[in-house]
Amino acid sequence: SSAGPVPSSECVLSPVNNSHPVHALLESFTVLSGCASRGTTILPQEVHILNLRKPDEGLDHHEREVTLHLNPISSVHIHQKPLVFLLNSPLTLVWKLKTERLAPGIRRVFLVSVGSVVHFEKGNFSLSAETEVKLFPEKNEHLLQWAQKEYGAVTSFTELKISRNIYIKVGEDQVFPPSCNIERNFLSLNYLAGYLQPKTAEGCLMSNLVQEREVHIIELITPNSNPYSAFQVDIIVDIKPSQPGAKLVRDVVLILKCKKSVNWVIKSHDVQGKLEVITSNSIGFGKETERSMTVSKLVVPDIPSSHESLIKWAYDHNYSPVTSYTKAPVANRFHLQLEDTEEMNDEEDHSLPPELTELLAANPLPAPKNPALSDGLTFPFHINRGRHDTVGEGIFPSRDSVDTLINHDFEHSLSKHKEPEEVQGSADVALSIKCDDKVMTVAVEKDSLQASGYTRTELSLLDHSCKARMNGTHFILESLLSKCGTRTAYILNKIVYFNSIVIQLSSPAESSGFDDDDMESGDNGFPGDADEGDVAFSSWPEIAFNCTLHQPEDDRGMFWPPEPHITNVTFNMELYKTDLFLAPSQGLFSVAENGPIYVEVSVTKADRSLGFAIQTCFVSPFSNPDRMSDYTIIENICPKDESVKFYSIEKVNFPIPHAQKDKKRFSFVFKPMFNISLLFLHCELTLCTNKDKDTQGLPKCIPPDEACTSLNVDMILAMMHNKKTFTKPLVVITHEGKPEDPSLPKPNVRQP
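Residue numbers (my numbering): 32 to 783.
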């Protein structure tokens with residue numbers, strides 16, 4: 032049998048085995064028989080029946096759990112009608128409910144066969160849900176007739192083999208037939224069961240998995256060998272610890288490549304930290320991922336293929352060292368398992384600086400009593416990346432959250448810190464911290480290190496390449512505010528920068544200076560895997576510190592952190608009804624099908640050489656701009672919709688001295704691609720420069736027609752660092768005076 036990939040300086044492909052961090056799987060979707068109807072439209076509730084059959088092989092204990100995923104059909108945004116579910120199974124099962132876009136406070140009844148139970152998600156859904164045990168008829172027709180007699184009609188009936196994941200879309204549609212007549216090989220995207228099957232893959236390990244940042248490359252040839260593969264275009268990547276029950280903090284980079292048109296969906300479980308995803312396809316994130324990780328995405332159209340080219344591309348663009356490469360001929364799901372080398376089960380918080388830790392302890396908002404940090408970074412505000420993308424990496428509250436914090440006198444807890452510098456990790460090591468708007472400097476007394484038992488040491492910041500220099504009495508570490516692993520948090524009118532001093536011990540004997548009781552049993556790396564003189568990074572003690580800068584008391588500055596090197600820049604976006612661009616629309620913008628939308632975006636700035644571009648615009652049924660959509664208006668400055676029209680405009684001198692306002696105007700014809708009335712227009716604006724030299728890392732400004740032919744990867748990467756995202760809601764209205772033809776099905780709704 033193959034030993035599987037082993038760490039190597041070059042990638043030699045071999046079949047993956049259990050030791051490889053990435054595994055490929057194929058999830059197929061099918062049912063045995065079923066039907067759907069609009070018969071419950073006039074009744075007070077929908078009725079859905081699931082009649083499960085034994086699988087061909089026996090089930091282990093874990094497979095006795097069935098996750099039932101419920102969300103509305105495409106024509107319903109929020110489902111608000113009462114539901115009745117008949118869940119019949121020949122075996123005792125645990126049904127686990129996962130729901131999306133179901134209104135709270137609505138009565139929902141789940142009838143289960145004898146011995147089975149239903150577990151609801153925590154929250155409002157369980158408050159209005161009921162469970163009853165029933166003795167059901169076993170045969171399909173008898174069960175359907177029983178339900179029709181009990182409730183008058185049935186919305187859907189699905190017969191399927193027991194599966195760990197069942198996907199049901201609730202809701203009624205007029206294209207459904209009037210009554211439910213069971214058919215063999217019933218095929219509908221609304222009612223499916225998923226079956227996971229491991230698939231062969233090959234790959235290599237490029238570096239040890241114990242890294243501050245892991246870079247994993249996945250190349251997929253095709254998502255499905257089935258000719259009906261268009262039914263399943265989502266490729267799910269599950270990120271989880273290799274040990275069940277562990278909680279990890281990790282920085283992960285995913286480089287994902289597939290020549291076919293797919294949508295990568297990244298879901299993390301029990302992992303916190305930072306997640307970067309780079310792909311040539313569209314990207315989405317699961318709910319838990321957005322709650323627990325700082326996520327960023329980058330769509331690069333021309334990522335190369337093959338393991339040599341992909342790995343070279345990663346190194347050329349500073350995604351190094353590469354941890355693993357995996358190539359799968361056929362798959363639609365990947366499991367990425369992170370090694371359990373940095374558990375969060377100790378009392379140290381790996382992500383929060385001391386100042387933010389004290390803010391959490393104040394707990395001004397309603398929260399569980401004494402919440403454990405391992406349950407998630409429970410900031411008293413939510414991390415908002417949607418409408419207010421910021422330059423660089425950072426965390427900051429939304430406007431609503433800031434109001435809440437002020438109302439709870441939250442700023443008072445910040446004012447208690449007389450000094451802008453805070454330290455944690457070792458009370459016996461003397462250090463001083465200084466920072467301005469560009470550089471952070473830390474000085475550590477040599478004598479205090481030696482008194483704590485640290486001799487023959489070398490100091491660095493979290494980025495181990497940022498090493499200390501020495502004079503006669505001190506170690507001195509310097510870093511730009513955006514370098515050396517420094518992280519940023521924005522709270523009200525304050526910016527908190529935090530990092531850690533890493534004491535790099537020259538030999539294991541030097542570790543006697545700190546308390547072994549503070550170490551987990553696995554903190555000293557992998558016994559036997561390292562040479563005797565080596566010490567794993569995870570065993571080096573750290574001293575966390577931070578410093579705080581106060582922004583001017585300016586209303587806008589309270590919410591928008593300043594860009595590094597680029598200041599006094601304000602973006603804006605407005606929608607208009609006509610091409611005169613006279614009065615911007617207030618609140619919801621109503622648009623008719625095939626009607627025009629006029630958009631004006633602007634930037635106010637002091638630097639005349641500074642320009643801006645419309646990087647991306649798209650229409651989506653989701654308010655979250657991180658969820659991609661097929662309805663793209665502009666992508667990487669280049670118009671993608673044939674109806675896009677740009678308007679020439681003069682530069683405007685702003686009333687503020689030395690300020691200038693640049694505007695861009697365009698329009699497009701709104702197409703009825705979604706069968707829902709509330710949509711969202713998302714536009715990303717990015718800074719660029721008209722200079723040929725001293726560009727401050729900004730891309731050169733280019734017109735849209737040039738962007739369609741000459742935009743390269745480096746320009747796309749540069750655009751990602753200085754951008755803002757705006758979201759405008761759209762209300763779709765149908766043309767008046769045109770009665771619908773009842774014989775025609777509604778657009779974009781698939782018949783079952």
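Just so you know, even glycine gets a beta-carbon here, dropped at the ideal spot from N, CA and C.
- Pairing Gln-228 with Gln-176, the inter-Cα distance amounts to about 35 Å.
- DSSP places Met-704 in the coil class of the three-state scheme, outside both helix and strand.
- The bridge partners DSSP lists for Asp-736 come to none.
- Contact between the segment 208-215 and the segment 64-82 is established, with three or more Cβ pairs separated by less than 8 Å.
- Burial check for Ser-340: the Cβ neighbour count within 10 Å stays below 16, so the residue is exposed.
- Taking a C-beta distance under 9 Å as the contact criterion, His-713 and Val-650 qualify as a contact pair.
- Taking C-alpha positions only, Val-600 is separated from Ile-73 by approximately 56 Å.
- Contact annotation: Pro-656 and Phe-699 have beta-carbon atoms that are not nearer than 9 Å.
- Secondary-structure assignment with DSSP links Val-650 through a beta bridge to Tyr-662, Leu-712.
- With contact defined as three or more Cβ pairs closer than 8 Å, the segment 297-306 and the segment 273-285 are in contact.
- The beta carbons of Leu-490 and Ile-534 sit about 6 Å from each other, so the pair counts as a contact at 8 Å.
- For Thr-98 against Asn-221, the beta-carbon gap comes to about 17 Å, at or over 8 Å, which does not count as contact.
- Here His-110 is buried: its Cβ has 16 or more other Cβ atoms, across all protein chains shown, within 10 Å.
- Judged by pairs of C-beta atoms under 8 Å, the segment 330-345 does not touch the segment 291-299, as fewer than three such pairs exist.
- A contact is defined here as three or more CB-CB pairs under 8 Å, and the segment 185-192 fails this definition with respect to the segment 157-166.
- Straight through space, the alpha carbons of Gly-234 and Ala-749 are spaced by roughly 31 Å.
- Annotation for Asn-171: the continuous alpha helix (DSSP H) segment containing it runs 171-182.
- Between the beta-carbon of Ala-232 and that of Thr-357 there is about 6 Å, and that keeps the pair under the 8 Å contact cut.
- Spanning the alpha carbons of Ile-733 and Thr-320 requires a straight line of approximately 35 Å.
- In terms of Cβ geometry, Thr-472 and Val-527 do not form a close pair [threshold 9 Å].
- Here Ile-668 is buried. Its C-beta has 16 or more other C-beta atoms within 10 Å.
- In this structure, Val-53 and His-247 form a Cβ contact; the two beta carbons are roughly 6 Å apart against a cut-off of 8 Å.
- A distance below 8 Å between beta-carbons, with the five flanking residues on each side excluded, links Ile-707 to the following residues of its chain, in chain order: Ser-105, Ser-106, Val-107, His-108, Pro-652, Val-763.
- Glu-190: member of the beta strand (DSSP E) spanning 187-192, first to last residue.
- It is roughly 46 Å from the alpha-carbon of Asn-753 to the alpha-carbon of Pro-113.
- The segment 269-344 is shown to contain whole beta strand (DSSP E) runs of 3 or more residues at 279-289, 294-299, 302-310, 313-316, 324-330, in chain order.
- With respect to the 9 Å criterion, Glu-131 and Asn-102 are classified as neighbours on the basis of their beta carbons.
- As far as DSSP is concerned, Val-353 takes part in no beta bridge.
- DSSP links Ile-109 through a beta bridge to no other residue.
- Annotation: Ala-461 is outside any alpha helix (DSSP H) and is labelled neither H nor E by DSSP.
- Secondary structure note for Gln-481: its alpha helix (DSSP H) is the uninterrupted segment 477-482.
- DSSP, read as helix, strand or coil, puts Tyr-346 in helix.
- Per the C-alpha coordinates, the member of Arg-322, Met-324, Asn-312, Asp-661 positioned closest to Asp-333 is Asn-312.
- Comparing alpha-carbon positions, the option among Thr-765, Val-201, Val-330, Asp-478 lying closest to Ile-747 turns out to be Val-330.
- Phe-156: not part of any beta strand (DSSP E); DSSP gives it neither H nor E.
- DSSP, reduced to helix, strand and coil, places Ser-531 within a strand of the structure shown.
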